[in-house]
Amino acid sequence: MQKEQIRNQLKKQLFENQGLRQKKSIDIENNITQQNSPQLQETFQDAYQLMEKIGEGAHSVVRKCLRLPKQKSARSLMTKSTQIYAVKCFRTDDPEIVNTIIQTFNLQRLLQDVPRICRAYDLFIDEKTKHQYQVIEYCDIPSLDQVFPLLSLKHKQETIKQLAQTIAQIHSKGICHRDLKPENILIQLNPEIQIKLIDFGVSKRFKFKDTFKDMWTATGTIVYQAPEVFLGGGYDEKVDIWSIGVILYQLLCYRLPFFADTVSETIELITSENLSFQYTEEFQNLSYIERDLIKRLLKHNPHHRLYAEDISLHPWFEDQSIHTQYVISDDTNLMSRQILEERTLSTQIGNEISDQQVQNLMDSFEWGQRIHFKK
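Each step along the sequence shown adds one to the number in the working numbering, with nothing skipped, and position 289 is 305.
Below, the structure written as structure tokens:
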């Protein structure tokens with residue numbers, strides 16, 4: 017009798033395992049436990065209804081989809097669902113691409129509590145048909161590159177501030193985005209600025225608990241890549257800071273800081289320590305405060321760049337009228353307090369600015385000094 021019970025139990029387990037063979041959950045180098053990956057027991061077609069195509073990537077087609085309500089019984093009637101998502105539809109039997117799909121999903125699941133990123137909800141791997149479906153948040157808003165002409169200075173300030181804050185949170189979880197560019201930043205302008213960061217397809221973990229690991233793969237979009245990506249010595253999360261600097265330059269100058277007729281010439285501009293963007297007419301026409309922030313982000317040496325959490329503390333994010341006459345030293349060694357006080361006093365006498373504005377100038381100096389010595 018006991019043997020028969022055991023035999024029946026084994027049959028039941030075998031049947032359940034066969035029913036789950038269509039789903040595959042692979043543990044990858046990110047050391048993410050299976051708790052972070054949903055244990056799916058249904059096909060994509062059971063859970064979602066495909067809708068119209070809304071985009072296309074290098075390896076996938078992006079479509080809208082409806083989340084179907086779960087049936088309590090086979091006889092229950094389906095009710096109309098209004099839950100709309102986006103789904104990346106892949107079809108490949110290349111194990112490396114499949115692993116990348118899973119890695120991307122798992123990384124996004126790690127970032128579920130980070131505001132302003134595109135959420136990942138479900139992943140379906142169909143081994144029989146070689147189809148993969150990654151269900152993500154549907155964001156019906158334009159990308160940053162589509163709204164450049166509509167952005168005021170305040171829009172640009174808020175966009176860069178939110179981007180820096182989001183990257184700071186991502187970096188705090190040991191993840192580097194590696195492909196920051198206007199096309200991967202969705203933006204809502206009304207009623208207030210809200211960004212949404214998308215496309216974690218080449219993102220990578222650089223920190224596991226307290227252990228840091230250099231990255232080596234040259235990936236991302238060339239004109240937004242940092243010099244160290246091309247120099248072959250490994251790189252860290254500061255490549256994202258460089259990308260933010262390129263985006264800021266593009267927002268303020270309406271052109272890219274490093275761009276040439278050929279890929280090799282573009283890479284040569286990026287890797288040159290000369291940083292030729294500083295001599296362009298567009299850059300020279302910017303305010304001192306704007307130029308200062310750009311130069312702190314586009315430092316050739318990654319160790320000299322700001323950290324993501326420090327970017328939003330820069331004086332550029334304050335009222336621009338306060339900093340009209342304020343000059344931050346071009347040199348890495350910031351001006352002495354005495355020189356600053358003299359210039360501040362001169363500015364106050366010449367322009368009759370308020371004591372509060374003078375104090376704001378002093379506070380700005382304290383910021384610059386603190387950031388400098390932190391490095």
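Each residue gets a CB set at the ideal place from its N, CA and C atoms; glycine is no exception.
For residue i, is the classification buried or exposed, using 16 other Cβ atoms within 10 angstroms of its Cβ as the cut-off for buried?
i      : result
Tyr295 : exposed
Gln119 : buried
Lys189 : exposed
Lys86  : exposed
Phe222 : buried
Trp258 : buried
Pro131 : exposed
Val103 : buried
Arg321 : buried
Asp226 : exposed
Asp277 : exposed
Glu72  : exposed
Asp195 : buried
Thr182 : buried
Ser76  : buried
Ile186 : buried
Arg307 : buried
Glu253 : buried
Ala63  : buried
Leu264 : buried
Asp256 : buried
Val3   : The question about residue 3 has no answer, for the chain in this structure spans 17 to 391.
Phe393 : What is shown of the chain runs 17 to 391, which leaves residue 393 out entirely.
Gln173 : buried
Leu169 : exposed
Leu247 : exposed
Ile133 : buried
I need the boundaries of the alpha helix (DSSP H) containing residue i, first residue and last residue.
i      : result
Val245 : Pro243 to Leu247
Leu264 : Lys254 to Cys269
Gln65  : Note, Gln65: premise wrong, no alpha helix (DSSP H); beta strand (DSSP E) at Tyr64 to Glu72.
Keeping to the same chain, check which residues put their C-beta closer than 6 Å to that of residue i; ignore five residues upstream and five downstream.
i      : result
Lys311 : none
Leu139 : Phe121 and Gln150
Leu314 : Gly261
Arg135 : Glu153
Pro165 : none
His147 : Arg107
Lys197 : Thr237 and Tyr240
Lys229 : Phe222
Ser184 : The sequence given here places Ala at residue 184; Ser does not occur at that position. Taken in chain order, the residues that qualify are Ala324 and Glu325.
Tell me where the beta strand (DSSP E) around residue i begins and ends.
i      : result
Val279 : That residue, Val279, is in no beta strand (DSSP E); its alpha helix (DSSP H) goes Val279 to Thr287.
Ile201 : Ile201 to Gln204
Tyr101 : Ile100 to Arg107
Leu172 : Position check: residue 172 holds Lys in this sequence, whereas Leu was assumed. Here Lys172 belongs to no beta strand (DSSP E); instead the alpha helix (DSSP H) covers Leu169 to Ser188.
Val114 : Segment Pro111 to Leu126 is the alpha helix (DSSP H) holding Val114; no beta strand (DSSP E) there.
Arg83  : Ser76 to Arg83
In its own chain, which residues sit with a C-beta less than 7 Å from the C-beta of residue i, not counting the 5 before and 5 after it?
i      : result
His16  : Lying outside 17 to 391, the shown extent of the chain, residue 16 is not represented and no answer is given.
Gln65  : Cys81, Leu82 and Leu84
Asp200 : Strictly speaking, residue 200 in this sequence is Asn, with Asp absent from that position. For Asn200, where only same-chain residues beyond five positions count, the Cβ hits under 7 Å are Leu213, Ile214 and Asp215.
Phe274 : Val239, Thr282, Leu285, Ile286 and Phe293
Arg271 : Glu298
Ser328 : Lys177, Ala180 and Gln181
Val218 : Arg194, Asp195, Thr235 and Gly236
Met67  : Arg79, Lys80, Cys81 and Leu82
Glu58  : none
I'd like to confirm the pairing. Which residues does DSSP put opposite residue i in its beta bridges?
i      : result
Phe210 : Reading the sequence as shown, one finds Gln at residue 210 and not Phe. Gln204.
Leu139 : Gln150
Ser219 : DSSP lists no partner for Ser219.
Ile133 : Leu213
Tyr405 : The structure shown does not extend to residue 405, since the chain is modelled only from 17 through 391, so no value can be given for it.
Ile191 : Arg221
Phe228 : Lys223
Beta-carbon within less than 8 Å of residue i's beta-carbon, same chain only, minus the 5 sequence neighbours each way: which residues are those?
i      : result
Ile203 : Ile157, Pro158, Ser159, Leu160, Val163, Thr175, Ile209, Gln210, Ile211 and Lys212
Val78  : Lys69, Ile70, Gly71, Glu72, Ala102, Val103, Lys104 and Cys105
Leu302 : Leu268, Cys269 and Ile310
Tyr251 : Asp230, Met231, Trp232, Ala242, Glu244, Val245 and Pro318
Thr116 : Gly217
Cys155 : Ala102, Cys134, Leu202, Lys212 and Ile214
If we cut at 8 Å on Cβ distances, does residue i have a partner in chain B?
i      : result
Leu267 : The chain labelled as chain B is not found in the depicted structure, where only one protein chain is given.
Is there at least one non-hydrogen atom of the ligand ZN closer than 7 Å to the beta-carbon of residue i?
i      : result
Arg107 : The model on display carries no ligand, and the ligand ZN is accordingly not part of it.
Length at least 4, wholly inside the region 291 to 329: the alpha helix (DSSP H) runs in chain order: The region 291 to 329 contains, as complete alpha helix (DSSP H) runs of 4+ residues, the segments 297 to 300, 304 to 313 and 324 to 327 (chain order).
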